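Quick note: to get the numbering used here, add 123 to the position in the sequence shown (first position is 1).
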Amino acid sequence: MQKPFLLILCGIPSSGKSTLARGVASRLEKEYGFFTVAVTSDAFRHMVPTYSRIFEPELEHFVREATYRTVEEALRRKLLVISDDVNYYRSIRRQLKRIAERAGASFAIVYVDTPLEVALRWNGERGEPVPNTVIEEMHHKLDRPGEKYMWDTPLLTVDPSRSKLEELTQLVASKVAQKVREEEDAPAEKRLTKLQSIRMDLDRETRQAMGEVMKRYGNLDLAREISDLRKKTIDEAVKRGLSVVETTGLFYERAELILKSNKRKFEGETMLHVGLFGHVDHGKTQLARCLTDIPSTAGLDKHPQAQERGMSIDMGFSAFNLGKHVVTLVDLPGHHSLIRHVVAGANIIDQGILVVAANEGPKVQTLEHLQILTSLGIERLIVAINKIDLIEDKELDQIREKVENLLKKTPFENSPIVLISAIKCEGIQELKETLVESLSLPVRHWSGSLKIPISHSFHISGIGTVVTGTILRGKVRVGDSVEILPHRKECRVRSIQIFGKDVKEASAGDRVGMTLLKVRSKDLSRGDIVVTPGAMGVRDLLDVEVEVMTRYGGSLRQRDTVHINIGLKTVLGQIYPYTTHQSMKILRKSVSPGSRCMALINMQQALPVEVGDKVLLVKLDLPHERSRIVGVAKIAALPRQPEIYAAKIKKGIVQKKTHDGLYVVSGLFKTKEAAQHVAEKRRKLFAAESKAKATVVRNHGDEGDVIASFETSPILSEDVYYYRLRRVKVD
Numbered sequence: 124m125q126k127p128f129l130l131i132l133c134g135i136p137s138s139g140k141s142t143l144a145r146g147v148a149s150r151l152e153k154e155y156g157f158f159t160v161a162v163t164s165d166a167f168r169h170m171v172p173t174y175s176r177i178f179e180p181e182l183e184h185f186v187r188e189a190t191y192r193t194v195e196e197a198l199r200r201k202l203l204v205i206s207d208d209v210n211y212y213r214s215i216r217r218q219l220k221r222i223a224e225r226a227g228a229s230f231a232i233v234y235v236d237t238p239l240e241v242a243l244r245w246n247g248e249r250g251e252p253v254p255n256t257v258i259e260e261m262h263h264k265l266d267r268p269g270e271k272y273m274w275d276t277p278l279l280t281v282d283p284s285r286s287k288l289e290e291l292t293q294l295v296a297s298k299v300a301q302k303v304r305e306e307e308d309a310p311a312e313k314r315l316t317k318l319q320s321i322r323m324d325l326d327r328e329t330r331q332a333m334g335e336v337m338k339r340y341g342n343l344d345l346a347r348e349i350s351d352l353r354k355k356t357i358d359e360a361v362k363r364g365l366s367v368v369e370t371t372g373l374f375y376e377r378a379e380l381i382l383k384s385n386k387r388k389f390e391g392e393t394m395l396h397v398g399l400f401g402h403v404d405h406g407k408t409q410l411a412r413c414l415t416d417i418p419s420t421a422g423l424d425k426h427p428q429a430q431e432r433g434m435s436i437d438m439g440f441s442a443f444n445l446g447k448h449v450v451t452l453v454d455l456p457g458h459h460s461l462i463r464h465v466v467a468g469a470n471i472i473d474q475g476i477l478v479v480a481a482n483e484g485p486k487v488q489t490l491e492h493l494q495i496l497t498s499l500g501i502e503r504l505i506v507a508i509n510k511i512d513l514i515e516d517k518e519l520d521q522i523r524e525k526v527e528n529l530l531k532k533t534p535f536e537n538s539p540i541v542l543i544s545a546i547k548c549e550g551i552q553e554l555k556e557t558l559v560e561s562l563s564l565p566v567r568h569w570s571g572s573l574k575i576p577i578s579h580s581f582h583i584s585g586i587g588t589v590v591t592g593t594i595l596r597g598k599v600r601v602g603d604s605v606e607i608l609p610h611r612k613e614c615r616v617r618s619i620q621i622f623g624k625d626v627k628e629a630s631a632g633d634r635v636g637m638t639l640l641k642v643r644s645k646d647l648s649r650g651d652i653v654v655t656p657g658a659m660g661v662r663d664l665l666d667v668e669v670e671v672m673t674r675y676g677g678s679l680r681q682r683d684t685v686h687i688n689i690g691l692k693t694v695l696g697q698i699y700p701y702t703t704h705q706s707m708k709i710l711r712k713s714v715s716p717g718s719r720c721m722a723l724i725n726m727q728q729a730l731p732v733e734v735g736d737k738v739l740l741v742k743l744d745l746p747h748e749r750s751r752i753v754g755v756a757k758i759a760a761l762p763r764q765p766e767i768y769a770a771k772i773k774k775g776i777v778q779k780k781t782h783d784g785l786y787v788v789s790g791l792f793k794t795k796e797a798a799q800h801v802a803e804k805r806r807k808l809f810a811a812e813s814k815a816k817a818t819v820v821r822n823h824g825d826e827g828d829v830i831a832s833f834e835t836s837p838i839l840s841e842d843v844y845y846y847r848l849r850r851v852k853v854d
């Protein structure tokens, strides 16, 4: 059987790709014996009759996913696949590369470099099925293969306008056939080349990340330490098989630790994000009013329902200047029914201020918000005891003691406590000074693909669709093409503002408002993510490492339905905790509080996710008096298909050794017939103490005993286990 192979064609519309693809596919089958399929997204568009008259952006997600899945399925079936699409973004070619790698396939790129004027002429001769403006735009946006990455270097660059079709198809087919056979004949050399390519990609991206760090914090002494860190990170990434995104993220995290240990401070201007947490009506919004210089989206309870009900019902954003820095305040609702907004806000902050009313002390949501901060890895916290004007000094000491007891045995045990009256704006200066002392300027993920979770979206007449969010990774510039997930909507950035000021560019850590072209605000929602086109995937199945919270009142059980929070999105999902045996996932019945496990999570809605993303598991249907935080998880993998088994385990013991060197095992089966059935299947047994493996050879006697052949000598009377596995349906 032939090995799978992916040929990626790249070029503008009407460049002759489809004609070339059909000719090459025909030659590869007839002359070289390779079973070949040409896959094009246009085939799926033609299934929708209205596409011939009207472009349907809502269906583009279906078209792209259908195309990717078809390519993946064809490779899985060991076919030679030709991707007959424009593939004009490098990120799209990277996605196809990853699909090939998951299928164990090699790939090559052929760049169809037809001149723009020729493509426009050919398009006109065909009756302009593609608007000329689209061809011109794609020509302008096209990432030429091989300009940045070694893996993206084309096998061939061809110009159909300069060669006869028959000669061109023969050239491409022969080169592809040669490439396929080279891959089959030299697997060791192929692995080495792949490793070198991976190293070059990691080297390039981490070098860029190091440059961003040094630009802000560096000196010569630190440069050597950061450079050594970069090399060690690459070595570790290669051993662990980390992606480029995971590797640069790991580098930034460790660079931040080095900067902290060296007490390095960034002298320029930067933006910091502080969340206001606490029980309902403890004064968070009033504190935000005292601090705020720069109101922003939905800030300070602008929402009509918030004013009517007298409490925050959504995240509010505002800001104030603190020396050279701008501090973004994220005001989070305290009512128990709005916990999903609190979880969302905690995902985009650097540190927190926990507000506790002096006349009430810590309440249920005070503790719940503290759990959320702990679960999501927020490292710094200030406690602001508010409404001190309502109680006597003696009572204030008691409240302070309660707060200190609340913080004990948490990461915030030694956090500073500040006394304030937000209604009178008293103690605010001390709070600001404490904030300055506690601030640790973070290392952002300044390089890499763009990632901005949308917190708000709305329409402004005469301007268009506006989205706001905090940039978690990368940079965005006016004029950039971006993609919005999970909808797969591509659009262009028309303008960028940072708290009302127009800017041409913004980078990780900035809170921005952007006007976007070619997208409607009503199609967007909180938690959608603005990304570099093709840089992230959308999945509904996650493989995660989970820690069940000690304070959670019960165990985490198989098939439990929980609320899954990733970034600013919360959806329902079912969880399947498992343990691993011989590379198979074996379903666990339950996981007790304080324990860790691996688990599959099947979400009811597909979300944009990456390996390494944090996941919070919450039971929003529980009474608010109970702890509703089930656990915290980290995405370890993004499997396409669920594969998990339920194990029926039987236990027996090694009874005695027979004269022919075999062993009698008893207690596994109740009847002679059951023992005979297992023996016929040559089932495996596993010894608990000696770790010896065995094969059931035949039944023994009339009581269900069996004779087993062990690979190594077991211990007499030790426990032996027989596993029977059944595949579990994940739905």
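All C-beta atoms, glycine included, are put in the ideal place defined by N, C-alpha and C.
Since the model is a prediction, treat every value here as computed from it, not as a measurement.
Legend entry - Where Ser-584 sits in the DSSP three-state scheme: coil
Legend entry - Counted within 10 angstroms of its Cβ, other Cβ atoms place Val-559 as buried (16 or more) or exposed: exposed
Inset, instruction - State the beta-bridge partners of Phe-440 as determined by DSSP. - result: Val-453
Inset, instruction - Let me know the secondary structure DSSP gives Gln-697 once reduced to three states. - result: strand
Inset, instruction - Starting from Arg-856, follow its DSSP beta bridges and name the residues at the other end. - result: An answer regarding residue 856 cannot be provided, because it is not within the stretch 124 to 854 covered by the chain.
Inset, instruction - Give the DSSP-derived three-state secondary structure of Phe-167 in the structure shown. - result: helix
Inset, instruction - Could you please give the first and the last residue of the uninterrupted beta strand (DSSP E) stretch that includes Tyr-846? - result: 842-850
Legend entry - Per-residue DSSP class, three states only, for Leu-198: helix
Legend entry - Burial state of Gln-301 (16 or more Cβ within 10 Å): exposed
Inset, instruction - Using three-state DSSP, classify Arg-821 as helix, strand or coil. - result: strand
Legend entry - DSSP-derived helix/strand/coil call for Thr-159: strand
Legend entry - Cα-Cα separation between Arg-192 and Ala-226, rounded to whole angstroms: 11 angstroms
Legend entry - Selected residue, minimal CA-CA separation from Ser-840, among Ala-798, Ala-223, Arg-849 and Val-787: Val-787
Inset, instruction - Below 6 angstroms CB to CB, which residues in the same chain sit around Phe-581 once its five sequence neighbours on both sides are set aside? - result: Val-589 and Ser-644
Inset, instruction - Starting from the N-terminal side, write out each stretch of the alpha helix (DSSP H) that is 4 residues or longer and does not extend beyond the region 273-309. - result: 288-308
Inset, instruction - Note down the Cα distance separating Met-273 from Cys-133, rounded to an integer number of angstroms. - result: 16 angstroms
Inset, instruction - In the DSSP assignment, find the beta strand (DSSP E) that holds His-396 and state where it starts and stops. - result: 394-400
Inset, instruction - Evaluate Gly-623 with the Cβ neighbour count: other Cβ atoms within 10 Å of its Cβ, from every protein chain shown; 16 or more gives buried, anything less gives exposed. - result: exposed
Inset, instruction - From the DSSP output, in three-state form, read off Thr-684 for me. - result: strand
Legend entry - Rounded Cβ spacing between Leu-239 and Glu-259 (contact assumed at less than 8 angstroms): 7 angstroms
Legend entry - Reference His-747; option with closest CA among Tyr-375, Gln-331, Thr-489 and Ile-205: Thr-489
Inset, instruction - Quick one: grab the DSSP three-state call for Thr-830. - result: According to the sequence as given, residue 830 is Ile; it is not Thr. Strand at Ile-830.
Inset, instruction - Using three-state DSSP, classify Asp-625 as helix, strand or coil. - result: strand
Inset, instruction - Could you name the residues of the same chain whose beta carbon sits closer than 6 angstroms to that of Arg-847, not counting the 5 residues immediately before and after it, in chain order? - result: Lys-771
Inset, instruction - For the region 729-813, list the alpha helix (DSSP H) runs that are entirely contained and at least 4 residues long, ordered along the chain. - result: 795-803
Inset, instruction - Kindly say whether Leu-352, judged by its beta-carbon, lies nearer than 8 angstroms to any beta-carbon of chain C. - result: No chain C appears in the structure shown, which is made up of a single protein chain.
Legend entry - Start-to-end residues for the beta strand (DSSP E) that takes in Met-637: 634-640
Legend entry - Reference Arg-104; option with closest CA among Lys-153, Ile-476, Glu-491 and Gln-494: This structure leaves residue 104 out entirely; the chain is present only between 124 and 854.
Legend entry - Nearest to Val-160 (by Cα), restricted to the options Glu-803, Thr-533, Ala-811 and Leu-130: Leu-130
Inset, instruction - Go ahead and pull the three-state DSSP assignment for Ser-141. - result: helix
Legend entry - Pro-252 classed as buried or exposed, judged by whether at least 16 other C-beta atoms fall within 10 angstroms: exposed
Inset, instruction - Look at Thr-593 and Ile-501 and say whether their C-beta atoms are less than 8 angstroms apart. - result: no
Legend entry - Top-ranked residue by Cα proximity to Val-829, from Ala-798, Val-851, Thr-835 and Lys-814: Ala-798
Inset, instruction - State the DSSP-derived secondary structure class of Met-721, mapped to helix, strand or coil. - result: strand
Inset, instruction - Jot down the residue ranges of each uninterrupted alpha helix (DSSP H) in the region 332-370, minimum 4 residues, whole runs only, in chain order. - result: 343-363
Legend entry - Leu-294 to Val-147 span [Cα, whole Å]: 9 angstroms
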